[in-house]
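*Asks:* Here you go, one structure.
In the numbering used here, the protein residues as written are 10 to 472.
So, in structure tokens, the structure goes:
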């Protein structure tokens, strides 16, 4: 598409207006002015005809996959190919999706002469996790005489992957023991001798009878003892709930220590602040635990579900496998459906034959869903070690905590929150009888809580 340049408008205003006024004042100069305007129109027409060649041989290429992190500044690299290797002033535009913020809508670039390839960087900051696509790039270049500009669009097939931002959670975990060599800030001792068989040795006084290998003893005609080692390469699965309850915006309560004359006792008040959906915290915490499991030489896997199974990545190790787990979660979005725990636990029972640590990230404040979860949990509770993590809803706490209630409505809100808290405590007691550990954690402490429980399980060799 051809568009008039500002230079053309300037020359039209400079020639046409004064020429018309001069023709009215001096009719004898009319033919000279007509010839002058005709020549100008011929030059402009010629420049318009050759304007199409302004972008000849120029192409823009982007990587097939661009990886960015949520709320962290990043760059999209553009590779401009100039086959004719001539100097050119280029104007580019990228139709970025609305969740990806960019400080500028367009970019001006001067392609140097004698260079076939040029590299440009488009700065942007993603605001929301997910998968996006770029299907076109818009180009504009001036004509040789700069009376016109030629615009066109270049097709693209670029996928933008916005991953969760793990920076803050990794900072919160910096003081924890996260390496497997026993050398760190907090060295943790394994409890017990381990359960994996390593080798055989001669009997030493003090060895237990349960450690004697009777078949080897019969063959060698003297007592032989089994030697065990600490378990390695255990399987850890994080099971993420992406149903309707995970779509709710989680609100956090922040303590305000300022006292007021109405309270009179200086008690801290609780301020409720809106935050991101619950699923965002689930995805971030799952990936953080994957990093920790990788440092501990354990196999890490992912399972996401709602009314059906969405993604299942069997537990393995290695950076390539962690990237596969990250790709399985980064585009996960909540669905407005009720979770099907029956299908979930049947799937786990059929697919996971080896004993593993299962960490459920779900929301059980709905009594119907909590009952369904408790009933179907019996299918796997004897075979696997199960931990359940739930974010504490705003206002759900014991009755006499926080500041004093000031209004009647606030009194009823406190009573409702206490009743919900009591139901969750009852659910915790019921799950504990089935050998399942249930935790009600704050939003900002989910990653730390998961890692702490995982390290405790490793230390006590419960898997």
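Note that CB positions come from ideal geometry on N, CA and C, so glycine has one too.
#1: Assuming residue 78 contacts residue 172 under a Cβ cut-off of 8 Å, what Cβ separation, rounded to an integer in Å, is found between them?
#2: Looking only at its chain, what residues have a beta carbon closer than 6 Å to the beta carbon of residue 326, apart from the 5 residues adjacent to it on each side?
#3: If you measure between the beta carbons of residue 167 and residue 142, is that distance less than 8 Å?
#4: Report the three-state DSSP secondary structure of residue 221 (helix, strand or coil).
#5: Can you tell me whether residue 333 is helix, strand or coil according to DSSP?
#6: Please specify which runs of the alpha helix (DSSP H), each continuous and at least 4 residues long, are wholly inside the segment 317-373, giving them in chain order.
#7: Between residue 86 and residue 369, what straight-line distance do the alpha-carbon atoms span, to the nearest angstrom?
#8: Roughly how many angstroms separate the alpha carbons of residue 242 and residue 303, rounded to a whole number?
#9: Measuring CA to CA, which of 162, 387, 335 is closest to residue 68?
#10: On the premise that residue 358 lies in contact with residue 318, defined as a C-beta separation below 8 Å, what is that separation, rounded to the nearest angstrom?
#11: Taking 8 Å as the threshold (C-beta atoms), are residue 456 and residue 297 in contact?
#12: Give me the Cα-Cα distance between residue 95 and residue 80, rounded to the nearest whole angstrom.
#13: From this set, 117, 83, 315, which residue's C-alpha is nearest residue 170's C-alpha?
#14: May I ask you to list the residues that DSSP assigns as paired with residue 154?
#15: Identify the continuous beta strand (DSSP E) that holds residue 11 and give its terminal residues.
#16: Closest to residue 286 by C-alpha separation, out of 344, 54, 230, would be which residue?
#17: Residue 407 to residue 111, Cα distance in whole Å?
#18: First and last residue of the alpha helix (DSSP H) that includes residue 248?
#19: Does residue 59 come out as helix, strand or coil in the three-state DSSP assignment?
#20: Going by DSSP, what residue range makes up the beta strand (DSSP E) through residue 135?
#21: By Cβ distance below 6 Å, which residues in the same chain neighbour residue 379 in space, the five residues on each side in sequence not counted?
#22: Considering Cα atoms alone, identify which of 420, 411, 250 is closest to residue 346.
*Replies:* Walking through what the data contain:
#1: On the chain shown, position 69 is the one that residue 78 refers to. On the chain shown, position 163 is the one that residue 172 refers to. Going by Cβ atoms, the distance from residue 78 to residue 172 rounds to 5 Å, so yes, they are a contact pair.
#2: Numbered from its first residue, the chain shown carries residue 326 at position 317. Within the same chain, residue 326 has close Cβ partners 308.
#3: Walking along the chain shown from the start, residue 167 turns up at place 158. Walking along the chain shown from the start, residue 142 turns up at place 133. The Cβ atoms of residue 167 and residue 142 lie closer than 8 Å to each other.
#4: Counting from 1 along the chain shown, the entry for residue 221 is found at position 212. Strand at residue 221.
#5: Counted from its first residue, the chain shown places residue 333 at position 324. Under the three-state reduction of DSSP, residue 333 is assigned to helix.
#6: Qualifying alpha helix (DSSP H) stretches, in chain order: 328-338, 350-360.
#7: Locating residue 86 in the chain shown gives position 77, where the first residue counts as 1. Locating residue 369 in the chain shown gives position 360, where the first residue counts as 1. Residue 86 and residue 369 have their alpha carbons spaced roughly 39 Å apart.
#8: Taking the first residue of the chain shown as position 1, residue 242 is located at position 233. Taking the first residue of the chain shown as position 1, residue 303 is located at position 294. Separation of residue 242 and residue 303 (C-alpha to C-alpha, rounded to the nearest whole angstrom) is 10 Å.
#9: Position 59 of the chain shown, counted from the first residue, corresponds to residue 68. Looking at the Cα atoms, 162 is the closest of the given residues.
#10: For the purposes of this step, residue 318 is identified with residue 309 of the chain shown, where counting begins at 1. For the purposes of this step, residue 358 is identified with residue 349 of the chain shown, where counting begins at 1. No, residue 318 and residue 358 are not in contact; Cβ-Cβ is about 13 Å, not under 8 Å.
#11: Along the chain shown, one-based indexing puts residue 297 at 288. Along the chain shown, one-based indexing puts residue 456 at 447. Yes, these two residues count as a Cβ contact at 8 Å.
#12: Taking the chain shown and counting its residues from 1, one reaches residue 95 at position 86. Taking the chain shown and counting its residues from 1, one reaches residue 80 at position 71. So the two alpha carbons sit approximately 39 Å from each other.
#13: Counting from 1 along the chain shown, the entry for residue 170 is found at position 161. The residue among 117, 83, 315 with its C-alpha nearest the C-alpha of residue 170 is 83.
#14: The residue labelled residue 154 in the question sits at position 145 within the chain shown. When DSSP reads this structure, residue 154 sits in no beta bridge, so it has no partner.
#15: Against the chain shown, residue 11 aligns to sequence position 2. Counted as a single uninterrupted DSSP element, the beta strand (DSSP E) harbouring residue 11 occupies residues 11-13.
#16: Within the chain shown, the letter at position 277 stands for residue 286. Measuring C-alpha to C-alpha distances from residue 286 to each of 344, 54, 230 identifies 344 as the nearest.
#17: Working through the chain shown from its first residue, we reach residue 407 at position 398. Working through the chain shown from its first residue, we reach residue 111 at position 102. Answer to the nearest angstrom: the Cα atoms are 45 Å apart.
#18: Residue numbering aside, residue 248 sits at position 239 when the chain shown is read from its first letter. That residue, residue 248, is in no alpha helix (DSSP H); its beta strand (DSSP E) goes 244-250.
#19: Numbered from 1 along the chain shown, position 50 holds the residue referred to as residue 59. It is coil, neither helix nor strand.
#20: The residue you call residue 135 lines up with position 126 of the chain shown. It spans 126-135 - the beta strand (DSSP E) in which residue 135 sits, taken as one unbroken run.
#21: As a first step, residue 379 must be located in the chain shown, where it is residue number 370. If we look at residue 379 and ignore the five residues flanking it on each side, its Cβ neighbours are 373, 436.
#22: As a first step, residue 346 must be located in the chain shown, where it is residue number 337. Restricting attention to 420, 411, 250, the CA atom closest to the CA of residue 346 is found in 250.
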